[in-house]
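Residue 32 is where the sequence shown starts when you use this note's numbering, and the numbers rise one by one after that.
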Amino acid sequence: MYVKKALLLLFLLIAVACQQETPQEVRLQLNKMEFGRSIQSGKISKWLNSPTPAIRKMAVEAIGRVQDPETIPLLANHLSDPDPAVRGAIYFALGQFRDNEAELQRLLGKALDSESDPDNQARIIEAIGKVGTVDFLPQLAGYLRGENLALQEAAARAAGIMAYRGLPLYTFAPNVSGLMVNTTNTEVASEAAQAVYRIQVLDSFEELYLGLDRESPEVRYQVLRGLAHMADLIESDLFEERKKVSPTKEIWQTYSSREFRRKVFSQLQDSTWYVRVAAIHLLESMPAQTSQNELVEMLNDPQPAVRVEAIRSLAAEPYRNWLTLREMRKIVRNDKEDWRIQGEALTVLALVEPKEALKIVQDSWMQEAWPKSYYALEALSNIQPRKAGQQDPTSDEATRLIIDMADGKSLPRTIKALELLPTRPRVPEAAFFLRHLENGDPAVLNIVANYFANIRAPKPTEAVSPLMNAFASLEAPRDLETMVLIVQAIGNLGGTEGVALLEAQLASPYPALREAAKTAYTTLTGKNEVPMPPVQGSYHTRSDFHPVSTDSLYEVTFYTSAGDFTLTLWPDRAPANVASIVALVKNEFYNGILFHRVIPGFVAQFGDPQGVGYGGPGYATPCEYSDAHFDRGVVGVAHAGKDTGSSQLFITQTPQPHLDGFYTAVGEITRGLRVTDRLMPFDHIIRTGLTVKAK
32 MYVKKALLLL FLLIAVACQQ ETPQEVRLQL NKMEFGRSIQ SGKISKWLNS PTPAIRKMAV
92 EAIGRVQDPE TIPLLANHLS DPDPAVRGAI YFALGQFRDN EAELQRLLGK ALDSESDPDN
152 QARIIEAIGK VGTVDFLPQL AGYLRGENLA LQEAAARAAG IMAYRGLPLY TFAPNVSGLM
212 VNTTNTEVAS EAAQAVYRIQ VLDSFEELYL GLDRESPEVR YQVLRGLAHM ADLIESDLFE
272 ERKKVSPTKE IWQTYSSREF RRKVFSQLQD STWYVRVAAI HLLESMPAQT SQNELVEMLN
332 DPQPAVRVEA IRSLAAEPYR NWLTLREMRK IVRNDKEDWR IQGEALTVLA LVEPKEALKI
392 VQDSWMQEAW PKSYYALEAL SNIQPRKAGQ QDPTSDEATR LIIDMADGKS LPRTIKALEL
452 LPTRPRVPEA AFFLRHLENG DPAVLNIVAN YFANIRAPKP TEAVSPLMNA FASLEAPRDL
512 ETMVLIVQAI GNLGGTEGVA LLEAQLASPY PALREAAKTA YTTLTGKNEV PMPPVQGSYH
572 TRSDFHPVST DSLYEVTFYT SAGDFTLTLW PDRAPANVAS IVALVKNEFY NGILFHRVIP
632 GFVAQFGDPQ GVGYGGPGYA TPCEYSDAHF DRGVVGVAHA GKDTGSSQLF ITQTPQPHLD
692 GFYTAVGEIT RGLRVTDRLM PFDHIIRTGL TVKAK
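Shown next, in the form of structure tokens:
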């Protein structure tokens, strides 16, 4: 009898074990939910209650990536999960939501009170930075005063992100500025300096001044960025009346002292190139003959990015004089100079001596192929009337030339010219933009839609029908940004012709389209309350690539005109995007691609076949958010809104914590980081190589 019962129990246990899903099986089902951006509550609840921590963690991560506010209660029910890794994933996921603010504050506060694991406490603090309110500032101040360096760093990072979000942290500033000066830990000081830079309170000037003496280049880089903001305030008319009143009187005395300028000038000789870039930015905001002389000296810097920034800084209005004119002429006329450097100088020359620049553009630069003709367009864009509102023949001729380039056969030139025309003193009529709508290129549609979304009276309602036809040719989420702009344009133009399209988009599976349609529908109909219909259709992103293995090491080497560098991919953090990149490399997609966006000290970006920043391979990959920090050398997927990215990648040249959790981190530069530092606009990828090996 006992033997029979024992055997029966054994069979039952075996049956249950056979029904137990493996993490790999669950992963496949979660991928369908995650990439389709639709959480099935029943299944996800089962996995959240799985006895296997890895399954629970995967379920939480999927919720954090889909970001459906209705799933927040599912996370709330598991805040006390026994596994610290699962709890950490929950805290990160809570920081990814943008709705239901009150509930998020309650849950993060509860988590902060109950969590004892230091690593998870840091995750909660970082989540507070992304979604928390000023009610958390007293607790953040406590962590800044504490002795745990990791929590100090997290709290300083959170403060910087909160300031980036626009929260008023003015009275909180002394907490981070004091920490920046007093801590001996470089990572903590760097995060504190970045927070001070973001908060932008004049009272932090003295601490920033002291920060110039820090040994760490990362800290001084952030300090210089903060001082540039201070200089803008001090040089403004609003500050003039406060120069004789304490405490701004003392700030002015320090700012105008020879010692302050000496310290700033010394940063121009720093061995770290991005410190020199930040010092140039500061001097751009400190107009004086001595400053201009120093900037002119930086035109000979060995680092290309520094030279570019020095040229651009001389475009500041106080520096548009004979000295800048002389130096720009010298560069533009030097045939041995790099054409990108010449082009940058030409754009500044257009501000100082418009007629001379116009003739140079007409005689040579307009005839150049893309991307060299980019600088012709930028120079023409800088030619504006000497006095606002007055007719200026030189400016009018510049506009005519931009129109000619928009009507040309080169698509990149057309795209760039169309971008510039709405900013001209005399914008072409609506018919001009409608004609280009027939082009059909997604980038052109984007620019034209943006024009009609912002056009003022008289509003050409005849544009609604062509815009609707263009909308029908687009596909979300790949073209989501353009589709949203068209919806906004229909709302702006008025009339009733577009109402049916807006009503259909109220049921779109894409939240950005639904919200844009709701706003436009309200504008057109005058109805303040718009009942939202049930969502129709499914959310589509591309994820059907040949899978990558987390047991393998994937390295992509980019052989470029500036040198070679290697990207080590992170298949464990972003499997779909890594698989996409691997497929693109195998298909030689990146061969010949330009670095179309290089912002010294920020990012170098590439991956658009057209070289202008709008294009890709024809599909969109899902955003795969993770807790990776965008430190120096980390590579992310660029996008124009959630789930609109694909082939365009950016390399961070300095830490950028405000990007954390908003972009997909796919890897880091493990060889050739100095090569990426030397990248200039329109350097190009010659070829790529993929290496796959066991870890």
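Quick reminder that beta carbons are idealized off the backbone N, C-alpha and C, glycines included.
Next on the checklist: What would DSSP say about alanine 37, mapped onto helix, strand or coil?
Outcome noted: Start at 1 with the first residue of the sequence shown, and residue 37 comes out as number 6. A caution first: alanine 37 carries a pLDDT of 47, below 50, which makes its placement in the model unreliable, though a value can still be read off. In the structure shown, alanine 37 sits in a helix (DSSP, three-state: H, G or I).
Checklist entry - Do glutamate 92 and alanine 120 have their C-beta atoms within less than 8 Å of each other? => result As a first step, residue 92 must be located in the sequence shown, where it is residue number 61. As a first step, residue 120 must be located in the sequence shown, where it is residue number 89. Going by C-beta atoms, glutamate 92 is nearer than 8 Å to alanine 120.
Checklist entry - From what residue to what residue does the beta strand (DSSP E) around leucine 465 run? => result On the sequence shown, position 434 is the one that residue 465 refers to. Looking at the DSSP string, leucine 465 is not in any beta strand (DSSP E); the run it does join, the alpha helix (DSSP H), is 461-468.
Checklist entry - Just checking my contact of tyrosine 645 with isoleucine 446 at CB under 8 Å: how many whole Å lie between their CB atoms? => result Residue 645 sits at position 614 when you count from the first residue of the sequence shown. Residue 446 sits at position 415 when you count from the first residue of the sequence shown. Rounded, the Cβ-Cβ distance is 7 Å, consistent with contact.
Next on the checklist: Rounding to the nearest angstrom, what Cα-Cα distance links threonine 214 and serine 235 in this structure?
Outcome noted: Residue numbering aside, residue 214 sits at position 183 when the sequence shown is read from its first letter. Residue numbering aside, residue 235 sits at position 204 when the sequence shown is read from its first letter. Straight-line Cα distance between these residues: approximately 16 Å.
Checklist entry - Between the Cα of lysine 88 and the Cα atoms of Thr553, Pro100, Ile75, Asp99, which residue gives the shortest distance? => result As a first step, residue 88 must be located in the sequence shown, where it is residue number 57. Nearest of Thr553, Pro100, Ile75, Asp99 to lysine 88, Cα basis: Ile75.
Item to check | Which of helix, strand or coil DSSP assigns to glutamate 586 | outcome: As a working note, residue 586 is residue 555 in the sequence shown. Reduced to three states, the DSSP call for glutamate 586 is strand.
Item to check | Three or more C-beta pairs below 8 Å linking the segment 173-181 and the segment 129-146 | outcome: no
Checklist entry - Are phenylalanine 66 and alanine 607 closer than 8 Å when you measure CB to CB? => result Here residue 66 is taken as the residue at index 35 of the sequence shown, counted from 1. Here residue 607 is taken as the residue at index 576 of the sequence shown, counted from 1. In this structure, alanine 607 lies closer than 8 Å to phenylalanine 66 by Cβ.
Checklist entry - Would the beta-carbon of alanine 503 fall within 8 Å of that of methionine 514? => result By 1-based counting over the sequence shown, the position of residue 503 is 472. By 1-based counting over the sequence shown, the position of residue 514 is 483. Cβ distance not < 8 Å, so alanine 503 and methionine 514 don't count as in contact.
Checklist entry - Taking just the CA atoms, how far does leucine 180 sit from serine 208? => result Stepping through the sequence shown from its first residue, residue 208 is reached at position 177. Stepping through the sequence shown from its first residue, residue 180 is reached at position 149. Their Cα atoms are separated by approximately 16 Å.
Item to check | Identity of the residues DSSP links to valine 629 by a beta bridge | outcome: Indexing the sequence shown from 1 puts residue 629 at position 598. Beta-bridge pairing links valine 629 to Ala635.
Next on the checklist: According to DSSP, is glutamate 222 part of a helix, a strand, or is it coil?
Outcome noted: Residue 222 sits at position 191 when you count from the first residue of the sequence shown. Of the three classes helix, strand and coil, the one that applies to glutamate 222 here is helix, per DSSP.
Checklist entry - In terms of residues, what are the limits of the alpha helix (DSSP H) holding arginine 154? => result As a working note, residue 154 is residue 123 in the sequence shown. First-last of the alpha helix (DSSP H) with arginine 154: 149-162.
Item to check | Candidates Arg487, Leu476, Arg509, Pro489, of which the one nearest methionine 499 by Cα | outcome: Locating residue 499 in the sequence shown gives position 468, counting from the first residue. Of the listed residues, the one whose Cα sits closest to methionine 499 is Leu476.
Checklist entry - What number of angstroms, rounded off, separates the C-alpha of proline 648 from the C-alpha of valine 616? => result To locate residue 648, count along the sequence shown from 1; it is residue 617. To locate residue 616, count along the sequence shown from 1; it is residue 585. Straight-line Cα distance between these residues: approximately 12 Å.
Checklist entry - In chain order, which alpha helix (DSSP H) runs of at least 4 residues are fully inside the segment 417-461? => result 424-437, 442-451
Checklist entry - What's the gap between the Cα of valine 165 and the Cα of leucine 200? => result One-based indexing of the sequence shown puts residue 165 at position 134. One-based indexing of the sequence shown puts residue 200 at position 169. Whole-angstrom Cα-Cα distance: 8 Å.
Checklist entry - Does the separation of the CB atoms of proline 653 and aspartate 674 fall below 8 Å? => result As a working mapping, residue 653 is identified with position 622 in the sequence shown. As a working mapping, residue 674 is identified with position 643 in the sequence shown. Yes. Within cutoff.
Checklist entry - Thinking C-beta only, is proline 100 closer than 8 Å to asparagine 80? => result On the sequence shown, position 49 is the one that residue 80 refers to. On the sequence shown, position 69 is the one that residue 100 refers to. It is not a contact, given that the beta carbons lie outside the stated cut-off.
Checklist entry - What residue range is occupied by the uninterrupted beta strand (DSSP E) comprising isoleucine 121? => result What you label residue 121 is simply residue 90 of the sequence shown in a count that begins at 1. Unbroken run through isoleucine 121 is the alpha helix (DSSP H), 115-125; no beta strand (DSSP E).
Next on the checklist: Relative to the C-alpha of threonine 378, which candidate in Arg364, Arg343, Ser395 has its C-alpha closest?
Outcome noted: In the sequence shown, counting from the first residue as 1, residue 378 sits at position 347. Answer by Cα proximity: Arg343.
Item to check | Euclidean distance between Cα positions of aspartate 438 and aspartate 714 | outcome: Here the question's residue 438 lines up with position 407 in the sequence shown. Here the question's residue 714 lines up with position 683 in the sequence shown. Going from the Cα of aspartate 438 to the Cα of aspartate 714 covers about 26 Å.
Item to check | Secondary structure of arginine 256, DSSP reduced to three states | outcome: For the purposes of this step, residue 256 is identified with residue 225 of the sequence shown, where counting begins at 1. Helix, per DSSP.
Item to check | Meets three-Cβ-pair contact criterion under 8 Å: the segment 589-603 and the segment 704-712 | outcome: yes
Next on the checklist: I need the straight-line Cα distance from alanine 605 to asparagine 470, nearest angstrom please.
Outcome noted: As a position in the sequence shown, residue 605 is number 574, starting the count at 1. As a position in the sequence shown, residue 470 is number 439, starting the count at 1. Approximately 35 Å, taken between the alpha carbons.
Checklist entry - Where do the ends of the alpha helix (DSSP H) carrying arginine 545 lie? => result As a working mapping, residue 545 is identified with position 514 in the sequence shown. Looking at the DSSP string, the run of the alpha helix (DSSP H) that includes arginine 545 is 542-556.
Next on the checklist: For a quick check, are the C-beta atoms of tryptophan 601 and alanine 484 less than 8 Å apart?
Outcome noted: Counting from 1 along the sequence shown, the entry for residue 601 is found at position 570. Counting from 1 along the sequence shown, the entry for residue 484 is found at position 453. Contact: no.
Next on the checklist: Going by C-alpha to C-alpha distance, which of Glu387, Tyr195, Lys280 sits closest to leucine 233?
Outcome noted: Sequence index remark: in the sequence shown, residue 233 carries index 202 (1-based). It is Lys280 whose Cα lies nearest to the Cα of leucine 233.
Checklist entry - What distance in whole Å lies between the Cβ atoms of phenylalanine 596 and valine 706, which are believed to be in contact at a cut-off of 8 Å? => result The count along the sequence shown starts at 1 and reaches residue 706 at position 675. The count along the sequence shown starts at 1 and reaches residue 596 at position 565. Indeed, because the Cβ distance is near 5 Å, the residues count as touching under 8 Å.
Checklist entry - Near glutamate 460, what residues of its chain come up, given a Cβ to Cβ distance below 8 Å and the 5 sequence neighbours on each side ignored? => result Within the sequence shown, numbered from 1, the residue matching residue 460 stands at position 429. Contacts found: none.
Checklist entry - Less than 8 Å separating the beta-carbons of glycine 163 and methionine 193? => result Position 132 of the sequence shown, counting from 1, holds the residue named residue 163. Position 162 of the sequence shown, counting from 1, holds the residue named residue 193. Cβ distance < 8 Å, so glycine 163 and methionine 193 count as in contact.
Next on the checklist: Quick test of your reading: proline 318 and tyrosine 286, contact by CB under 8 Å. State the CB separation rounded to the nearest angstrom.
Outcome noted: Walking along the sequence shown from the start, residue 318 turns up at place 287. Walking along the sequence shown from the start, residue 286 turns up at place 255. That pair is no contact at about 13 Å.
Item to check | CB contact flag (leucine 345, arginine 360, <8 Å) | outcome: The residue given as residue 345 occupies position 314 in the sequence shown. The residue given as residue 360 occupies position 329 in the sequence shown. Cβ atoms of leucine 345 and arginine 360: not closer than 8 Å.
Checklist entry - Around the Cβ of tryptophan 353, are there at least 16 other Cβ atoms within 10 angstroms (buried) or fewer (exposed)? => result By one-based count along the sequence shown, residue 353 stands at place 322. With fewer than 16 Cβ atoms within 10 Å of its Cβ, tryptophan 353 is classed as exposed.
Item to check | Where the beta strand (DSSP E) through glutamate 699 begins and ends | outcome: The residue given as residue 699 occupies position 668 in the sequence shown. Where glutamate 699 is concerned, the enclosing beta strand (DSSP E) stretches over 695-702.
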